[in-house]
Amino acid sequence: MGFAQSTYRESLRDIGACLRSQSKKLYHMGIRGKVSRSTLAEANETRDWHMYADFAHHLIGIARNLYLDEPTVLDLNQTVYALDATTINLCLSLFPWALFRQHKGTAKLNTWLV
């Protein structure tokens, strides 16, 4: 998932396609077989979210050092970051505009606070 974050992948399908395009190099990363969406989804569900939070804090620390001398838009005592992307399941009979699959409706809610 760190690879997905650092390469701006947007979905499990996107991650899988990107990894499959570099299949010869995956062996050297310890990935021996095909990477499927279900495998990625299962890995996402079983890994503790604290690991990703620690990784994000590490990256934020690196970014702060890189942009230490850059002027900021807002003058805050502390830097504030909040990012969330949530998929909301909807009933197609009530929300026909939310067609995601043939029998499933969704809306994606992206929230970004800086």
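So for the sequence shown, our numbering puts the first residue at 283; every next one is plus one.
We put the CB at the ideal spot given by N, CA and C, even for glycine.
Fair warning: this is a prediction, and the values are worked out from it, not measured in the lab.
Q: Could you check if GLY343 is buried or exposed, using at least 16 other CB atoms within 10 Å of its CB as the buried criterion?
A: exposed
Q | Nearest to GLY376 (by Cα), restricted to the options THR368, THR369 and HIS385 | A | The sequence given here places Leu at residue 376; Gly does not occur at that position. Comparing Cα positions, the closest option is HIS385.
Q: Closer than 7 Å by C-beta to ALA286: which residues in its own chain qualify, once you throw out the five before and the five after it? Chain order, please.
A: ILE297
Q: State the Cα-Cα distance for the pair LEU301 and TYR309, rounded to the nearest angstrom.
A: 11 Å
Q.
In whole angstroms, give me the CA-to-CA distance for ALA389 and LEU294.
A. 17 Å
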